[in-house]
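Engineer: Please find one structure pasted underneath; my questions will follow.
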Amino acid sequence: MYYVYLIISKYNKRTISYVGYTNNLLKRLQLHNSSKGAKFTKGKKWKLIYFKRYDTKSLAMKEEYKLKKNYKKRNILKKGN
């Protein structure tokens with residue numbers, strides 16, 4: 374199983390978001406929060422607000438790419454939290 378996820382953080386009075394994919398959601402969130410995740414996420418406290426499960430890595434990567442480019446959907450998800 375693979376997951377596509379959206380995490381948010383407060384930064385300079387703004388809510389910023391990051392989209393990624395993983396096969397271990399809890400471990401990946403811990404890596405982001407311990408500054409060992411992606412370079413963009415270092416030094417910030419992240420909160421998981423959305424995830425969706427996929428059967429294959431290939432499908433998860435395709436969906437991650439779509440969500441990264443779909444700012445309208447990301448903003449709707451961010452406003453829900």
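If you're matching positions, the sequence shown starts at 374 in the working numbering and goes up one per residue.
For glycine and all other residues, C-beta sits at the position ideal for the given N, C-alpha and C.
1. What residue range does the alpha helix (DSSP H) around Lys-439 cover?
2. If you check the beta carbons only, do Arg-387 and Thr-395 fall under 8 Å apart?
3. Are the segment 434 to 445 and the segment 399 to 413 in contact at 8 Å, needing three or more beta carbon pairs?
4. Can you give me the start and stop residues for the beta strand (DSSP E) that Lys-425 sits inside?
5. Below 6 Å CB to CB, which residues in the same chain sit around Trp-419 once its five sequence neighbours on both sides are set aside?
6. For the alpha helix (DSSP H) holding Lys-400, just list the boundary residues, first then last.
7. Kindly give me the distance between the Cβ atoms of Leu-450 and Phe-424, rounded to whole angstroms, as I take these residues to be in contact under 8 Å.
8. Going by the CB atoms, is the gap between Ala-433 and Tyr-375 shorter than 8 Å?
Structural biologist: With the given structure in hand:
1. Unbroken alpha helix (DSSP H) run through Lys-439: 430 to 442.
2. In this structure, Thr-395 does not lie closer than 8 Å to Arg-387 by Cβ.
3. Judged by pairs of C-beta atoms under 8 Å, the segment 434 to 445 does not touch the segment 399 to 413, as fewer than three such pairs exist.
4. Bounds of the beta strand (DSSP E) holding Lys-425 are 420 to 427.
5. Only Ile-380, Ser-382, His-405 and Asn-406 meet the Cβ criterion.
6. DSSP places Lys-400 inside the alpha helix (DSSP H), whose first and last residues are 398 to 406.
7. For Leu-450 against Phe-424, the beta-carbon gap comes to about 11 Å, at or over 8 Å, which does not count as contact.
8. With a cutoff of 8 Å on beta-carbon distance, Tyr-375 and Ala-433 are scored as near each other.
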